[in-house]
Amino acid sequence: FMILPVGATSFKEAMRIGAEVYHNLKAVIKSKYGKDATNVGDEGGFAPNILENNEALELLKSAIEKAGYPDKIVIGMDVAASEFFRKGKYDLDFKSPDDPNRYISGEKL
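Using full-length UniProt numbering, you'd call the opening residue of the sequence shown number 1 and step up by one each time.
This is the structure in structure tokens:
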């Protein structure tokens, strides 16, 4: 997931909003999962050990609210769809790429 500061009136404000939410997210994750869960990946994103997408969304929503920007941010996704696009279709069950019967066309999505 990623946050999009669509309510910012300038690039400077968007950067400030993003930084504040990022630091609030770190605090939310640390309080819920401990300091080790605040380690970041090579692109700077957090990756706490959670099982459900809804849990990640709740963490983001909490950080956005604590930062004071619920009306200026929307949550988006960069799904890297090219990573599971095979033979003109999408392999949404990408853990078993050898079964083309499970691939879905863009129209069906």
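Idealized CB from N, CA, C, for every residue including glycine.
Under the Cβ criterion (8 Å, minimum of three pairs), the segment 3-15 does not count as touching the segment 43-55. In this structure, L25 lies away from A81, with their beta-carbon atoms at least 7 Å apart. Under the three-state reduction of DSSP output, K61 falls in the helix class.
Unbroken beta strand (DSSP E) stretches of 3 residues or longer found wholly inside the UniProt domain "Enolase C-terminal TIM barrel" (1-109): 2-4, 74-76, given in chain order.
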